[in-house]
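Colleague: Okay, here's the structure, questions in a sec.
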Amino acid sequence: MKVGKGNSQLPPGPRGLPLVGYLPFLGRNLHRIFMDLAIVYGPIYKLWIRSKLYIIISSPTLVKEVVRDHDRKFANRNPTITASALTYGASDIVFASYGSKWQIRRKLFVHEVLSKANLDAVYAFRRDKMRKIIREIYNKDSKAIDIGDIAYVTMINMVSSMLWGGTTQGDKGTSLAAEFRVEVSQALQLLARPNVSDFFPMLVRFDLQGVERDLKNVLQSIERIFDFVIDQRQPQLDMVIGGTNTTSSVVEWTMSELMLHQDVITKLQEELAEVVGINNTVEEFHIQKLQYLQAIVKEALRLHPPAPLLIPRWTTQDCNVFLNVWAMHRDPKFWDNPSEFRPNRFLSEDTKLNYFHFLPFGSGKRICAGLPLAERMLMYVLATFVHMFNWKLPDGTKPDTLEKFGIVLEKATPLVAIPTARLPNLELYS
Ligand code: HEM
């Protein structure tokens with residue numbers, strides 16, 4: 002199929018303005034705008050932005066064609082100027098073109114760095130970092146803490162200890178990790194922002210929206226923090242950026258939903274008491290027995306997938322394809338009362354099956370390469386936070402579920418909560 006503007010085989014789509022196409026109508030919440038357009042144009046439609054074609058899909062049957070039936074044709078990426086700058090010319094896995102370099106990098110990453118044997122072998126590092134965080138939370142002595150920040154510190158410590166055996170230590174480390182989180186979060190939002198320079202190459206040098214300037218500043222800060230933390234060693238951005246904001250954001254979203262649903266947190270604490278025991282700390286080997294926790298995490302990933310549009314695919318026919326999983330995760334055709342947080346839906350046999358309307362990690366050749374580590378860290382951290390502590394909101398506050406769109410869908414307002422030790426044996430906190 003040719004992708005010229007007059008091609009009648011293309012799906013329908015909204016008309017844009019002459020020259021710029023649909024660009025002026027794309028606000029910051031792309032996943033919601035795309036869902037609203039799907040109501041008008043159907044589960045597959047097109048957008049032109051200048052001469053670039055975008056296809057947006059939000060039906061599981063069509064998604065299956067992209068990620069399974071014709072996977073290879075849709076396995077490429079087309080990084081924007083911002084994505085290229087952030088990854089030093091797509092020298093990572095996420096934005097690398099589909100080809101031998103990507104294949105080698107991915108193979109090494111999946112089969113060596115994140116192999117089961119290697120993940121088991123470095124569990125001691127994750128355990129050690131978890132213990133330090135338990136102590137840090139306990140020492141806050143019933144003061145309110147930012148859950149996203151503490152989750153981020155935990156994740157960055159776990160990931161960096163796996164990579165370099167290092168850590169961000171104590172208060173200094175915590176503030177550095179928090180600083181790093183702000184910078185990475187800004188970088189991810191810049192990545193998601195439509196940039197005029199991508200569509201008008203002759204305007205690149207003017208950087209009209211200042212996106213490249215902002216990204217350069219963010220990159221400089223990231224490099225400065227990295228140099229300090231890892232002492233000049235080669236940063237592995239795939240793991241450090243891909244693996245920390247996503248997982249910590251899911252921890253924050255899950256904790257927010259738990260704070261809003263006391264019945265769920267009570268049931269989870271009962272499960273933890275039964276599987277782990279109130280005289281023990283959580284270990285990774287408990288995770289597979291924590292069925293209710295697994296359902297909770299899936300439900301949080303359904304409502305708040307960190308990558309609501311996955312990472313766009315670039316086809317052999319030169320067009321970008323967005324898979325709007327956020328819309329599918331909330332489609333009443335597939336879910337009863339889709340906007341309600343109901344982990345039980347994942348306990349029934351029906352939803353345990355792998356359908357294409359639930360894809361928080363994507364699917365096919367480009368499926369999240371960090372999935373095994375992501376699952377371990379998420380479950381381990383959440384189980385520990387909920388088993389070791391009771392959490393209460395500061396007086397007069399209420400958690401919300403407002404979103405901030407970026408490559409990672411974050412919470413707009415940070416969740417702040419007060420922990421108190423839950424287990425009788427206080428030695429477990431020291
Ligand atoms: C809750 C946590 C996470 C979620 C929801 C998530 C989600 C995703 C999604 C949706 C994609 C794109 C998939 C597609 O295009 O079909 C992706 C790609 C990727 N993720 Fe994750 N991710 C998470 C954690 C991690 C972690 C912990 C790491 C690293 C340790 C990681 C590394 C990667 C890499 C390297 C890719 C690129 C794969 C490729 O293009 O070949 N992710 N992830």
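The working numbering numbers the first residue of the sequence shown as 2 and each following residue consecutively.
A virtual CB, placed ideally from N, CA and C, is assigned to each residue, including glycine.
With respect to the beta strand (DSSP E) encompassing tyrosine 46, which residues constitute its N-terminal and C-terminal limits?
Modeller: As a position in the sequence shown, residue 46 is number 45, starting the count at 1. Residues 45 to 50.
Colleague: If you compare alpha carbons, which of Ile105, Phe110, Arg194, Tyr42 is closest to glycine 28?
Modeller: Sequence index remark: in the sequence shown, residue 28 carries index 27 (1-based). Among Ile105, Phe110, Arg194, Tyr42, the Cα nearest to that of glycine 28 is on Arg194.
Colleague: Pull up the DSSP beta-bridge partners for alanine 152, would you.
Modeller: Taking the sequence shown and counting its residues from 1, the one referred to as residue 152 is at position 151. Paired residues: none, contrary to the question.
Colleague: Could you round the C-beta distance between glutamine 292 and leucine 348 to whole angstroms and report it? I think they count as a contact, below 8 Å.
Modeller: Here residue 292 refers to the residue found at position 291 of the sequence shown. Here residue 348 refers to the residue found at position 347 of the sequence shown. At roughly 7 Å, the Cβ-Cβ gap stays under 8 Å, so glutamine 292 and leucine 348 are in contact.
Colleague: May I have the straight-line CA-CA distance separating lysine 268 from arginine 331, to the nearest angstrom?
Modeller: Your numbering for residue 268 matches position 267 in the sequence shown. Your numbering for residue 331 matches position 330 in the sequence shown. Going by C-alpha positions, lysine 268 is about 25 Å away from arginine 331.
Colleague: Just checking valine 251 against the ligand HEM - is the residue's beta carbon closer than 7 Å to any of the ligand's heavy atoms?
Modeller: Your numbering for residue 251 matches position 250 in the sequence shown. Correct: valine 251 has its Cβ closer than 7 Å to the ligand HEM.
Colleague: Does DSSP classify leucine 324 as helix, strand or coil?
Modeller: Taking the sequence shown and counting its residues from 1, one reaches residue 324 at position 323. Leucine 324 falls in the strand class under three-state DSSP.
Colleague: Looking at the secondary structure, which residues open and close the alpha helix (DSSP H) in which threonine 421 lies?
Modeller: Numbered from its first residue, the sequence shown carries residue 421 at position 420. Run containing threonine 421: none in the alpha helix (DSSP H); it sits in the beta strand (DSSP E), 417 to 422.
Colleague: Roughly how many angstroms separate the alpha carbons of valine 21 and threonine 317, rounded to a whole number?
Modeller: Taking the sequence shown and counting its residues from 1, the one referred to as residue 21 is at position 20. Taking the sequence shown and counting its residues from 1, the one referred to as residue 317 is at position 316. Spanning the two alpha carbons is a distance of roughly 24 Å.
Colleague: Per DSSP, which residues does lysine 53 bridge with? Please list them.
Modeller: On the sequence shown, residue 53 is found 52 positions in, with the first residue counted as 1. Paired residues: Ile50.
Colleague: Please confirm whether any heavy atom of the ligand HEM lies closer than 7 Å to the CB of arginine 51.
Modeller: For the purposes of this step, residue 51 is identified with residue 50 of the sequence shown, where counting begins at 1. Not under cutoff, so the answer is no.
Colleague: State the Cα-Cα distance for the pair leucine 18 and lysine 47, rounded to the nearest angstrom.
Modeller: Position 17 of the sequence shown holds residue 18. Position 46 of the sequence shown holds residue 47. Taking the straight line from one Cα to the other gives about 14 Å.
Colleague: Do you know offhand how far asparagine 345's Cα is from leucine 379's?
Modeller: In the sequence shown, counting from the first residue as 1, residue 345 sits at position 344. In the sequence shown, counting from the first residue as 1, residue 379 sits at position 378. Taking the CA atoms as reference points, asparagine 345 sits about 19 Å from leucine 379.
Colleague: Would you mind reading off the limits of the beta strand (DSSP E) that contains asparagine 391?
Modeller: Taking the sequence shown and counting its residues from 1, one reaches residue 391 at position 390. Run containing asparagine 391: 390 to 393, per the beta strand (DSSP E) assignment.
Colleague: Whole beta strand (DSSP E) runs in the region 294 to 381 with 3 or more residues, listed along the chain?
Modeller: 321 to 324
Colleague: Taking the Cβ atom as the reference point for each residue, do phenylalanine 181 and isoleucine 157 lie within a distance shorter than 8 Å?
Modeller: Position 180 of the sequence shown holds residue 181. Position 156 of the sequence shown holds residue 157. Yes, the pair counts as a contact, with Cβ atoms nearer than the cut-off.
Colleague: Roughly how many angstroms lie between the CA atoms of phenylalanine 342 and glutamate 66, to the nearest whole one?
Modeller: Looking up residue 342 in the sequence shown gives position 341. Looking up residue 66 in the sequence shown gives position 65. Approximately 29 Å, taken between the alpha carbons.
Colleague: Taking contact to mean at least 3 C-beta pairs separated by less than 8 Å, is the region 378 to 396 in contact with the region 274 to 287?
Modeller: yes
Colleague: Run through DSSP, which three-state label would aspartate 93 get?
Modeller: For this step, residue 93 is matched to residue 92 along the sequence shown. When secondary structure is reduced to three states using DSSP, aspartate 93 falls in the coil class, being assigned neither helix nor strand.
Colleague: Any heavy atom of the ligand HEM closer than 7 Å to the Cβ of serine 364?
Modeller: Within the sequence shown, numbered from 1, the residue matching residue 364 stands at position 363. Checking every heavy atom of the ligand HEM against the Cβ of serine 364, one is found closer than 7 Å.
Colleague: Please report how far the alpha carbon of lysine 74 lies from the alpha carbon of arginine 128, in whole angstroms.
Modeller: By 1-based counting over the sequence shown, the position of residue 74 is 73. By 1-based counting over the sequence shown, the position of residue 128 is 127. Looking at the backbone, the Cα of lysine 74 and that of arginine 128 are separated by about 41 Å.
Colleague: Does DSSP put isoleucine 408 in a helix, in a strand, or in coil?
Modeller: Residue numbering aside, residue 408 sits at position 407 when the sequence shown is read from its first letter. Reduced to three states, the DSSP call for isoleucine 408 is coil.
Colleague: Taking the alpha-carbon of glutamine 295 as reference, which of Glu272, Pro307, Pro12, Asp396 has the nearest alpha-carbon?
Modeller: Numbered from its first residue, the sequence shown carries residue 295 at position 294. When only C-alpha atoms are compared, the closest one is Glu272.
Colleague: Residue range of the alpha helix (DSSP H) that histidine 112 falls in?
Modeller: As a working note, residue 112 is residue 111 in the sequence shown. Neither: histidine 112 is in no alpha helix (DSSP H) and is coded neither H nor E.
Colleague: Looking only at its chain, what residues have a beta carbon closer than 7 Å to the beta carbon of threonine 414, apart from the 5 residues adjacent to it on each side?
Modeller: Sequence index remark: in the sequence shown, residue 414 carries index 413 (1-based). Result list for threonine 414: Asp401, Leu403, in chain order.
Colleague: Pull up the DSSP beta-bridge partners for asparagine 77, would you.
Modeller: Residue mapping note: residue 77 aligns to position 76 of the sequence shown, counting from 1. When beta bridges are read from the DSSP output, asparagine 77 appears opposite Trp315.
Colleague: Of the residues Thr245, Lys290, Lys405, which one's Cα is nearest the Cα of alanine 375?
Modeller: Start at 1 with the first residue of the sequence shown, and residue 375 comes out as number 374. Selected option, being the one with the closest Cα: Thr245.
Colleague: Check whether the Cβ atoms of leucine 416 and serine 257 sit closer than 8 Å, and answer yes or no.
Modeller: The residue given as residue 416 occupies position 415 in the sequence shown. The residue given as residue 257 occupies position 256 in the sequence shown. Cβ distance < 8 Å, so leucine 416 and serine 257 count as in contact.
Colleague: Based on DSSP bridge pairs, tell me the residues matched to glycine 22.
Modeller: Counting from 1 along the sequence shown, the entry for residue 22 is found at position 21. DSSP, once it has assigned bridges, lists Leu18 as partnering glycine 22.
Colleague: Just to confirm my understanding: we take valine 123, look at its own chain, exclude 5 residues before and 5 after, and list those with CB closer than 6 Å. What are they?
Modeller: What you label residue 123 is simply residue 122 of the sequence shown in a count that begins at 1. Only Met163 meet the Cβ criterion.
Colleague: Taking the alpha-carbon of isoleucine 138 as reference, which of Phe126, Ala125, Thr155 has the nearest alpha-carbon?
Modeller: For the purposes of this step, residue 138 is identified with residue 137 of the sequence shown, where counting begins at 1. Isoleucine 138 has its Cα closest to that of Thr155, out of Phe126, Ala125, Thr155.
Colleague: Under a three-way DSSP split, which group does aspartate 396 fall into?
Modeller: For the purposes of this step, residue 396 is taken as residue 395 along the sequence shown, with counting starting at 1. Looking at aspartate 396 - three-state DSSP - the assignment turns out to be coil, as it is neither helix nor strand.
Colleague: Where does isoleucine 58 sit, in a helix, a strand or coil, going by DSSP?
Modeller: The residue you call residue 58 lines up with position 57 of the sequence shown. Residue state, collapsed to three classes: strand.
Colleague: Are there 16 or more other CB atoms within 10 angstroms of the CB of glycine 100, so buried, or fewer, so exposed?
Modeller: Counting from one through the sequence shown, the residue named residue 100 turns up at place 99. Classification of glycine 100: exposed, given that the 10 Å Cβ count is below 16.
Colleague: Does DSSP put aspartate 142 in a helix, in a strand, or in coil?
Modeller: Here residue 142 is taken as the residue at index 141 of the sequence shown, counted from 1. Coil, per DSSP.
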